[in-house]
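Heads up, the thing below is written out as structure tokens.
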Amino acid sequence: MKNITISNFKEWFISHDLFGLLGSDKYKSLKRRIVILEVALSILPLLIVVTISYFWFQQILKDDYRNQLKWDIESTKQSIEAFLDERLSFLRFLTLSYTYEELSDYKKLSKVFYAFKREFPGIVDIGIIDDNGIQIAYAGPYKLTGVDYSNQNWFNEVAIRSSNISDVYMGYRKIPHFSIAVKKELPEKEGFWIIRATIDMETLKKYVYNLNIGEKDDNFIINKDGVLQTDTRFHGKALDKYIETPVPSNEQTVVKESSIKTHGHEICGYSLIKNTNWFLIAVIRSTPYARIPGIFRNELFFIIILSIILNTFITTLIAQAIVNKIKQTDMEREEAIASCEHAGKMASIGRLASGVAHEINNPLAIINEKAGLMKDILESSDDLQKNKYKFLSLLNGIFDSITRARTITHRLLGFSRRMDLSHDLFDLNEAIKEVVSFIEKEIQFRNINLILDLTPELPRIETDKGQLQQVILNIINNAIDAVEEDGRIEVITKIVDNNRIRILISDNGIGIPKDKIKHIFEPFYTTKEKGKGTGLGLSISYGIIQKLGGNIAVESEVGKGTTFMIDIPVKYEAV
Amino acid sequence: MNTNEIKLLVVDDEVAFANTLSQRLNMRNIKAVPVYDGEQALSKLKESIIDVVLLDLKMPGMHGLDVLKKIKSMYPDVQVIILTAHGTDKDEEEARLLGGFDFLKKPADIDNLEQKIRKAYKEKSNIERIKTEAEDNNK
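Protein chains in written order, with the working numbering: chain A, 1 to 575; chain B, 1001 to 1139.
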């Protein structure tokens, strides 16, 4: 069943030849061109709209993604700031709740440390430092009491600004951590003391990694000097120098796009974390916004393909209808032309037959009368001897007439032998003379002065004699119709070059107006009165000359006359 | 010899034809005179009494139909028989409209031709008789 369906479809497809691919005739090529043009014209605007929409949508998604990233960075930054603030606030609270002396007591400090560690995970140790930079009390896993911090940056920083969050450093345990410190003035401005806590960086990293990012992406913290504060996926370990992205200096949250040779397109967002030297950085290389248009792109692609298929199908049906109509019109036109060509040939044959009848009937009539006279004489007298010379003279007259009739029938055979193109090697001047002999009587009767100016040294030409003679006869006939009584018709032959011969047929007739001359080679166009011309003679002549590889042209001036110029190759070569 | 011998003018540019036909008709008691174009025919009509004209159509100079037109306008009683090698139905129709008596095609049968000539002569005689009677009545 399936096979039958497929084979039916095949037959249908071949018989309809929807895409004009199965043949090479002019209609198929026309149909193909209509379909291609129509489909291109209808699909092109669709493609333009779709492409614009696609890029517009992609831009919207990109902007949206950038805003989302900016928001994510800011919220993560705020979480980190809250984390740091909480711990700083607790240290401040301690400076307000306890005196320097109380916290300098190891036991008291240890108690506070454990409470602090319980509430705020990630605290490594806590210490009290006097205004000379000496750690006078310490609670934590190391023995750091008495350590002198006076030369350290953070100490100087906190002495000036009253609180400090340090950059990350490796410390004694060789793991990254940072310290926070708060300064407290002693009563009556007798100096100050500092409470300082060390925080494990791992705790802070959790906040950093809260940013929702993909596998190709990275986020981390760097300080203002461009030193990494956290481990990264692709940009090195903590305390390495961060080199790839230019070190940000702006305090606003910024999201920008950049192209880096080694990684391609990326989006980089960064924001300064308050009260620190730190920047939170997100480097996005997964371009997730590009994946969303992917779905959109598939849908668009589907719509375009569907449109092209539907469009092609409908256009093909329309083109088929148009081409069928053109084909039908062409066929009707060709049939009409063929029928009129036939009518034209018949008219031509009629004219020729009429001339031939005249030429043959006249000698026949003479034979008839001379033979009749001989019979009459024989019937009235038995004396043959007496009438011998009379009979001989009559018989000679009969033979003359027979010769005359024979010449005509032989010429006629030569003239109308072939309809298809043939190759005859002949003398053009003689062929023209033959044509003229057929219409000589008519020319005489109308007192037309026919001048033959034929170049004697014309080479013999090789072409279809009969058809060329038909053309010459047709043009001379037209000239006869165009001239008044006592008019003049001139037939000239010339050598154009080694390969071409020219025939000029001019008359001093009424001429052809300019608006009509451009139509005279068109089928059905006639200037003769109704019933006299088929309007095909010149179009058939034109066709014949083209077929023989020549050219036919006409020049005319109203009141002065018309000249037809026929150029014909010396040797006809089939195209 | 018939005293009422028919006087016939044979007009044809084929000299051999006009001469031979005239000879044959003469042998049939028709006084035939050959001329070879329209002008000669008109001058012959002018100088002698002619009953019937045997006229060709395609001739150099004046066309047979023009000659017919002239003869009928100048000598309406003279009967003209067209005898042509080239006669078309259109020519025949035109000749009859111009007052031609009959229309024959070459080569013609001599007996048929003679019969037509005699018929034409009879027609001419009838017309003349009617005319004479009418004139007598008027007197």
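Note that beta-carbon positions come from the ideal geometry of N, C-alpha and C, so glycine has one too. Here the structure is a predicted model, which is why all the values come from computation and not from measurement.
query, result
"Indicate the three-state DSSP secondary structure (helix, strand or coil) for B/K971 in the structure shown.", "Given a span of 1001 to 1139 for chain B in the structure shown, any question on residue 971 of chain B remains unanswerable."
"Bridge partners of A/A197, per DSSP?", "A/I126, A/I180"
"Please report whether the beta-carbon of A/K441 lies at a distance below 8 Å from any beta-carbon of chain B.", "yes"
"Would you list the residues sitting across from A/Q135 in a DSSP beta bridge?", "A/I129"
"Near A/D200, what residues of its chain come up, given a Cβ to Cβ distance below 6 Å and the 5 sequence neighbours on each side ignored?", "G122, V124, H177"
"Taking only the alpha-carbon atoms, compute the straight-line gap between A/D240 and A/F192 and give it to the nearest angstrom.", "35 Å"
"Determine, for A/L364, whether the minimum Cβ-Cβ distance to residues of chain B falls below 8 Å.", "yes"
"Closer than 7 Å by C-beta to A/K70: which residues in its own chain qualify, once you throw out the five before and the five after it? Chain order, please.", "T253, V255, G269"
"Could you run through the stretch 1007–1037 of chain B and flag, in chain order, every residue whose CB is less than 7 Å away from some CB of chain A?", "E1014, A1016, F1017, T1020, L1021, Q1023, R1024, M1027"
"Of the residues A/H358, A/G372, A/N474, which one's Cα is nearest the Cα of A/F445?", "A/H358"
"Do A/T563 and A/G511 have their beta-carbon atoms positioned less than 8 Å apart in this structure?", "no"
"Please state if the CB of A/I195 and the CB of A/N275 are separated by a distance shorter than 8 Å.", "no"
"Hey, is the stretch 1102–1118 of chain B in contact with the stretch 1078–1090 of chain B, meaning 3+ C-beta pairs nearer than 8 Å?", "yes"
"Pull out every residue of the stretch 1041–1074 of chain B whose Cβ sits closer than 8 Å to any Cβ of chain A, in chain order.", "K1058, M1059, P1060, G1061, H1063"
"When you compare the CB positions of B/I1030 and B/L1008, do they come within less than 8 Å of one another, or not?", "yes"
"Taking the beta strand (DSSP E) that B/M1062 falls in, what are its first and last residues?", "Here B/M1062 belongs to no beta strand (DSSP E), and DSSP marks it neither H nor E."
"Name, in chain order, the residues that DSSP records as bridge partners for A/S381.", "In DSSP, A/S381 forms no bridge with anything."
"So, with DSSP's three-state summary, where would you put A/N223?", "strand"
"Applying the 10 Å Cβ sphere with the 16-neighbour rule, what's the burial state of B/K1124?", "buried"
"Taking only beta-carbon atoms, is A/D383 less than 8 Å away from chain B?", "no"
"Counting only beta-carbon separations shorter than 8 Å, does B/A1085 have a partner in chain A?", "yes"
"I want to verify the contact list: residues of chain A whose CB lies under 8 Å from the CB of B/K1106, in sequence order.", "N361, N362, L364, A365, N368"
"Counting only the same chain and skipping the five closest in sequence on each side, list residues whose C-beta sits under 6 Å from that of A/G23.", "Residue placement at A/G23 is poorly supported in this model, since its pLDDT is 45, which falls under 50; the coordinates are not used for a value here."
"So, is A/R233 buried or exposed, given that buried needs 16 or more other C-beta atoms within 10 angstroms?", "exposed"
"Do the CB positions of A/A238 and A/V168 come within less than 8 Å of each other?", "yes"
"Strictly below 8 Å CB to CB, what residues from chain B border A/A319?", "Under the 8 Å cutoff, chain B gives no residues; its nearest Cβ is about 52 Å from A/A319."
"Going along chain A in order, which residues have a C-beta closer than 8 Å to the C-beta of B/T1132?", "Result: empty, since nearest Cβ-Cβ is about 36 Å, beyond 8 Å."
"Would a check of beta-carbon distances place B/I1110 closer than 8 Å to chain A?", "yes"
"In the DSSP assignment, the alpha helix (DSSP H) including A/N477 goes from what residue to what residue?", "465–482"
"Mapping DSSP to helix, strand and coil, what is A/K107?", "helix"
"State yes or no: is the C-beta of B/M1062 within less than 8 Å of the C-beta of B/D1037?", "yes"
"In the DSSP output, which residue or residues are listed as bridge partners for A/T493?", "A/L454, A/I503"
"Using a Cβ cut-off of 8 Å (strictly closer), state whether A/F391 contacts chain B.", "no"
"Report buried or exposed for A/F582, applying the criterion of at least 16 other Cβ atoms within 10 angstroms of its Cβ.", "Residue 582 of chain A lies beyond the range of chain A shown here (1 to 575); nothing can be said about it."
"Can you give me the start and stop residues for the beta strand (DSSP E) that A/E555 sits inside?", "551–557"
"How long is the line joining the alpha carbons of A/V227 and A/Y114, rounded to whole angstroms?", "32 Å"
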